[in-house]
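> These protein sequences, in sequence, are chains A and B. 25 is the number that numbering that gives the first Met the number 0 gives to position 26 of the first sequence; each next residue is one higher, with no gaps. 182 is the number that numbering that gives the first Met the number 0 gives to position 183 of the second sequence; each next residue is one higher, with no gaps. Glycine residues also receive a C-beta, built at the ideal position from the N, C-alpha and C atoms. Please read all numbers here as calculations on a predicted model, not as lab measurements. Quick one: structure below, then a few questions.
Number of protein chains: 2
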Amino acid sequence: MHKRVTLADVANAAGVSRTTASLVLSDRGDELRISEASQQRVRRVAAELGYRPNVISTNLRSGSSQTIGFISDTVATSQLAGDMIKGALEHAHRNGYMLFIGETEGDLDEERRLVQAMVDRQVDGLIVASMFTLERSVPAGIDPGAVVLLNALPEAPADAVIPDEYAAGRAAVETLLARGHTRVHLLGAGPGRTDVPGQTVAGSERLGGILDALSDAGLEPASGRLARVWLPEDGFAAMRDLLDTGVRGEAVIAFNDRLAFGAYQAVQEAGLRIPDDFSIISFDDHQLAGWLHPALTTFALPHYDLGRRAVEILLARADTRREPAVERLPMPLRVRGSVAAPRA
Amino acid sequence: MHKRVTLADVANAAGVSRTTASLVLSDRGDELRISEASQQRVRRVAAELGYRPNVISTNLRSGSSQTIGFISDTVATSQLAGDMIKGALEHAHRNGYMLFIGETEGDLDEERRLVQAMVDRQVDGLIVASMFTLERSVPAGIDPGAVVLLNALPEAPADAVIPDEYAAGRAAVETLLARGHTRVHLLGAGPGRTDVPGQTVAGSERLGGILDALSDAGLEPASGRLARVWLPEDGFAAMRDLLDTGVRGEAVIAFNDRLAFGAYQAVQEAGLRIPDDFSIISFDDHQLAGWLHPALTTFALPHYDLGRRAVEILLARADTRREPAVERLPMPLRVRGSVAAPRA
DNA sequence: AGTGATTGCTAAATCGCGTTAGCAAAGTCA
DNA sequence: TGACTTTGCTAACGCGATTTAGCAATCACT
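Here it is, written out as structure tokens:
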């Protein structure tokens, strides 16, 4: 382990004071009238010695650590977090920031400890990402102005970034209507406005958009099947149930891709085909969606953009003071092969 | 933004010197004979003011930052990284360490920049995780003794943690043989020892284990199909090819679950059934594996343990000096429904 | 020659904490 | 009473950088 080269080492080797070396290396040499000769000497020596400023030290003085904390209630489940982190990471690093990662498993005590640990390390901002919660408050123990919620709605006014689930819900209906469908079955939630599992953002907002768009067209859901959880087996069961009613050639909105996957299995095991016997449209753009036969038409969660945008907001706020706001990012439609016209 | 409470604030409020306050709060009060009265006063004031030590400052003095860097070449693709990070995260946090995350996309320049940025922040150790590479060297710019490779073999002696792919390969064969299979088809690699895509750890080690175990039983692969990439469509194509040979009732080892998924599709679209017409065993335990009908029997990548173990090694080394070593973690078999006895 | 401005640089304080060395007061002992 | 020990606490330095205030030497001008 080499001893680190400090500014003092550089200054000594260059025969100047630490002050001078500091000024030169922070490009304030001209401003403070350090001679060209000295400047070159300092720079050369710094390069030769491989000098790297000790960020910790700078942090201590400045109070800022060029670091952002990213706390999520889950990293592993659903690759959501993965891409979100990636978006956050890249944008942060591009601006000279590093990311601390933490995971709470939904445990509020753990969240408190993590926030604390990050504040102790002087993070400049905090991104709090949620997979499970619809509404939440900004965690205590940190300047609320330095927090951005990700995929969760703030209870009190605060900055937040979420996918525009509502718009995607509307667009799902519009896509089907445009193809000529009028009978739309819901898989995972509905038909009533409150028939939603748990308290996820996705559920209620998607359903709201769907119902509003149907209503605008003077329609109602042809049927709805609430599932407490949204796993393939739940989609399988719900689709079996729908198949048992004898319906064919109509449209299905699955509330996420995992449900849709279960629905595929039910359709295929019944000897039927997508999209001939059922048009299916869904949400998430799970990795799986592109692998199915036919590939699944679905609205993509803009994971990467969510993470990126959260960092942008955080960094922007350092400069400008603005009113906190909830920002909704569009969920782009991935048109693949699971939607066709209704059966004649 | 509240002004932070510093040790000096506590000392003032308690009417003692900073030294005294420091001693009390680091539990050296008895040792250094601070009166019980003063100790209680300091503690009470600290609690009242909500004093939290500034870790940055401690770091500057100690040279250690209670921080570990985690650099991976991909976070998003395959939830591998997700669970690895989770394992690392939890174990690190449990020991009072935080994790910096970085991602290189396989770009060596980016890797250099990230290592640099982390060293600048005085990380105590570095975990370098790889999804793409078989062999790699420890990155430059940091004490090689403070690095643990994850899912990559070191070129020169260094600490590394990898899944025991070779043993899993052997075990896959042994599982099939135990069920009575003697004809084993390989999907994704083989039949030759060098028929491996790219340079992933998984490919060559799994194949090695498979071929050795077959050889021990006096067997050879019944067939092998190399795929350059291991996506479902590649598994689909390879399985179609196998189906065209007319084989039925034999065993298939898919080199990962995505290939196996493609194989499922081919089998089902041919109107055949798993495990009646084909026994399939695979590797990874992708989330998908449990969703298939029948659920896929597969060897799980011990993501969580990999991450956790890497941190353990890193932290342990701070204490004991040992020879660097490559540690292989077992890939547990998830027995599900895709393996049956060969057709009579 | 004397005053003032400019040039080129540096000493010292600061950020928040830990640590070493040591000091004053009280207590103990012969 | 004087020498020594114990008790209870603190002054001061250092970690590595930045920043403010200012100093000595040279130059410009009347």
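According to DSSP, is B/Arg333 helix, strand or coil?
Of the three classes helix, strand and coil, the one that applies to B/Arg333 here is strand, per DSSP.
> Quick check: A/Leu176 and A/Arg192, are their CB atoms within less than 8 Å of each other?
Contact: no.
> State the Cα-Cα distance for the pair A/Leu213 and A/Ile70, rounded to the nearest angstrom.
Going by the C-alpha atoms only, they are around 37 Å apart.
> Cβ closer than 8 Å: which chain B residues qualify as neighbours of A/Arg51?
Simply Gln115, Val118, Asp119.
> Excluding five sequence neighbours on each side, which residues of the same chain lie with their C-beta closer than 8 Å to the C-beta of B/Asp8?
Result list for B/Asp8: Leu48, Tyr50, in chain order.
> Can you tell me which of the three DSSP states B/Val41 falls into?
The answer is helix: DSSP assigns B/Val41 an H, G or I state.
> Given that a residue counts as buried once 16 or more other Cβ atoms are within 10 Å of its Cβ, and exposed if not, what is A/Pro156?
Classification of A/Pro156: exposed, given that the 10 Å Cβ count is below 16.
> Run through chain A and tell me which residues come within less than 9 Å of B/Gly179, C-beta to C-beta.
Under the 9 Å cutoff, chain A gives no residues; its nearest Cβ is about 28 Å from B/Gly179.
> Can you pull the chain B residues whose beta carbon is under 9 Å from the beta carbon of A/His92, in chain order?
Neighbours of A/His92 on chain B, chain order: Gly101, Glu102, Glu109, Arg112, Leu113, Ala116.
> Roughly how many angstroms separate the alpha carbons of B/Glu232 and A/Arg135, rounded to a whole number?
For B/Glu232 and A/Arg135, the distance between alpha carbons rounds to 42 Å.
> Would DSSP call A/Met0 helix, strand or coil?
The predicted model places A/Met0 with a pLDDT of 48, which falls under 50 and marks its position as unreliable, so this point remains unresolved.
> Just by C-beta distance, which residues in the stretch 212 to 232 of chain A are closer than 7 Å to chain B?
Here the close residues are Pro231.
> DSSP on A/Thr57, reduced to helix/strand/coil?
DSSP places A/Thr57 in helix when its eight states are reduced to three.
> Let me confirm a value: A/Lys85 is counted as buried when at least 16 other C-beta atoms fall within 10 Å, else exposed. Which label applies?
A/Lys85 should be labelled buried.
> Classify A/Gly254 as helix, strand or coil using the three-state DSSP reduction.
Just to set this straight, residue 254 of chain A is Phe in the shown sequence, not Gly. Correct three-state label for A/Phe254: coil.
> Which one of A/Glu249, A/Leu185, A/Thr18 has the shortest CA to CA distance from A/Ile273?
Of A/Glu249, A/Leu185, A/Thr18, the residue nearest in Cα terms is A/Glu249.
> Check whether the Cβ atoms of A/Leu258 and A/Ala226 lie closer than 8 Å to each other.
A contact, by the Cβ cut-off of 8 Å.
> For A/Ser61, count the other beta carbons within 10 Å of its own beta carbon; 16 or more makes it buried, fewer makes it exposed. Which is it?
That one is exposed.
> Using three-state DSSP, classify A/Ala299 as helix, strand or coil.
Residue state, collapsed to three classes: strand.
> Please report how far the alpha carbon of B/Leu314 lies from the alpha carbon of A/Ser64, in whole angstroms.
Cα-Cα distance, rounded: 24 Å.
> For B/Ala216, I'd like the list of residues in its chain whose CB is within less than 7 Å of its CB, leaving aside the five on either flank, ordered along the chain.
Correct list, in chain order: Leu176.
> Am I right that A/His285 and B/Gln264 are in contact with their C-beta atoms under 8 Å? What's the rounded C-beta distance?
Incorrect: roughly 16 Å between the Cβ atoms, too far for contact.
> Quick one, are the C-beta atoms of B/Arg32 and B/Ile161 less than 8 Å apart?
No. Outside cutoff.
> Does the distance from the C-beta atom of B/Val346 to that of B/Ile141 stay below 8 Å?
Only positions 0 to 343 of chain B appear in the structure, and residue 346 of chain B is not among them; the question remains open.
> If I'm right that A/Asp72 touches A/Ser21 with Cβ under 8 Å, what's the distance once you round it to whole angstroms?
43 Å between Cβ atoms; not a contact.
> Excluding the 5 residues flanking B/Asp109 on each side, which residues of the same chain have their C-beta closer than 6 Å to its C-beta?
It is Glu, not Asp, that sits at residue 109 of chain B in the sequence shown. Thr103.
> Taking DSSP as the reference, what is the three-state secondary structure of B/Phe277?
If DSSP states are grouped into helix, strand and coil, B/Phe277 belongs with the strands.
> I'd like to know if B/Leu300 contacts chain A, where contact means its C-beta is closer than 8 Å to some C-beta of that chain.
False, the Cβ-Cβ gap to chain A never drops below 8 Å.
> Report the neighbours of A/Leu241 on chain B: residues whose CB is nearer than 7 Å to its CB, in chain order.
Near A/Leu241 there are no residues of chain B at all, since even the closest Cβ is about 18 Å away, more than 7 Å.
> Where does B/Arg247 sit, in a helix, a strand or coil, going by DSSP?
Coil at B/Arg247, not helix or strand.
> Since B/Phe158 is in the alpha helix (DSSP H), which residue starts that stretch and which ends it?
The amino acid at residue 158 of chain B is misidentified as Phe; the sequence shows Asp. Where B/Asp158 is concerned, there is no enclosing alpha helix (DSSP H), although the beta strand (DSSP E) it sits in stretches over 158 to 162.
> Need the endpoints of the beta strand (DSSP E) that B/Arg327 sits in, please.
Run containing B/Arg327: 325 to 328, per the beta strand (DSSP E) assignment.
> Comparing the C-beta of B/Val9 with each C-beta of chain A, is any distance below 8 Å?
No, B/Val9 does not count as interfacial toward chain A.
> Which residues mark the beginning and the end of the alpha helix (DSSP H) in which B/Arg112 is found?
From DSSP, the alpha helix (DSSP H) with B/Arg112 extends over 107 to 119.
> Show which residues of chain B have a CB atom less than 7 Å away from the CB atom of A/Ile70.
Result: empty, since nearest Cβ-Cβ is about 11 Å, beyond 7 Å.
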